[in-house]
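Residue numbers (full-length UniProt numbering): 1 to 50. Even glycine gets a Cβ: it sits at the ideal position worked out from N, Cα and C. Shown next, in C-alpha coordinates, is the structure this report addresses.
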(Lines of atoms letter the chains of each structure in order from A and count residues from 1; the text may use other names and numbers.)
(Lines give C-alpha, C1' and ligand atoms only; values in the text may rest on other atoms or scores of the structure.)
Protein backbone atom coordinates (compact mmCIF):
# COMPACT_ATOMS: atom_id res chain seq x y z
CA UNK A 1 0.00 0.00 0.00
CA UNK A 2 1.30 3.44 -0.83
CA UNK A 3 0.22 7.00 -0.19
CA UNK A 4 0.95 9.89 -2.53
CA UNK A 5 0.61 13.48 -1.34
CA UNK A 6 -0.21 16.34 -3.69
CA UNK A 7 0.54 19.68 -2.06
CA UNK A 8 0.43 23.27 -3.18
CA UNK A 9 -1.46 26.53 -2.81
CA UNK A 10 -5.22 26.86 -3.20
CA UNK A 11 -6.35 26.72 -6.81
CA UNK A 12 -3.28 24.93 -8.15
CA UNK A 13 -5.28 21.96 -9.56
CA UNK A 14 -4.04 19.44 -7.01
CA UNK A 15 -7.27 17.43 -7.12
CA UNK A 16 -7.46 17.54 -10.91
CA UNK A 17 -3.87 16.36 -11.19
CA UNK A 18 -4.40 13.56 -8.70
CA UNK A 19 -7.44 12.29 -10.59
CA UNK A 20 -5.79 12.53 -14.00
CA UNK A 21 -2.33 11.26 -13.08
CA UNK A 22 -3.14 8.66 -10.42
CA UNK A 23 -6.79 7.68 -10.02
CA UNK A 24 -7.83 7.12 -13.63
CA UNK A 25 -4.78 5.02 -14.61
CA UNK A 26 -5.17 2.96 -11.42
CA UNK A 27 -8.85 2.32 -12.17
CA UNK A 28 -7.95 1.27 -15.72
CA UNK A 29 -5.46 -1.21 -14.22
CA UNK A 30 -8.20 -2.63 -11.99
CA UNK A 31 -6.76 -1.29 -8.73
CA UNK A 32 -8.83 -0.18 -5.74
CA UNK A 33 -9.14 3.57 -5.17
CA UNK A 34 -10.08 5.11 -1.82
CA UNK A 35 -10.68 8.84 -1.98
CA UNK A 36 -12.71 11.62 -0.43
CA UNK A 37 -12.97 13.70 -3.60
CA UNK A 38 -16.55 14.99 -3.76
CA UNK A 39 -18.31 13.89 -6.96
CA UNK A 40 -15.71 11.28 -7.93
CA UNK A 41 -17.58 8.00 -8.30
CA UNK A 42 -16.72 4.80 -10.10
CA UNK A 43 -19.73 5.20 -12.38
CA UNK A 44 -18.75 8.74 -13.34
CA UNK A 45 -15.13 7.74 -13.93
CA UNK A 46 -16.19 4.93 -16.28
CA UNK A 47 -18.57 7.30 -18.10
CA UNK A 48 -15.91 9.95 -18.66
CA UNK A 49 -12.98 7.54 -19.19
CA UNK A 50 -14.41 4.38 -20.83
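Please work out which residues of its chain come closer than 7 Å, Cβ to Cβ, to residue i, disregarding the five sequence neighbours upstream and downstream, and give them in chain order.
| i | result |
| --- | --- |
| residue 15 | 37 |
| residue 33 | 23, 26, 27 |
| residue 4 | 22 |
Which residues in the same chain as residue i place their Cβ atom closer than 8 Å to its Cβ, once the five residues preceding and following it in sequence are excluded?
| i | result |
| --- | --- |
| residue 19 | 37, 40 |
| residue 49 | 24, 27, 28 |
Classify residue i as helix, strand or coil using the three-state DSSP reduction.
| i | result |
| --- | --- |
| residue 3 | coil |
| residue 33 | coil |
| residue 38 | coil |
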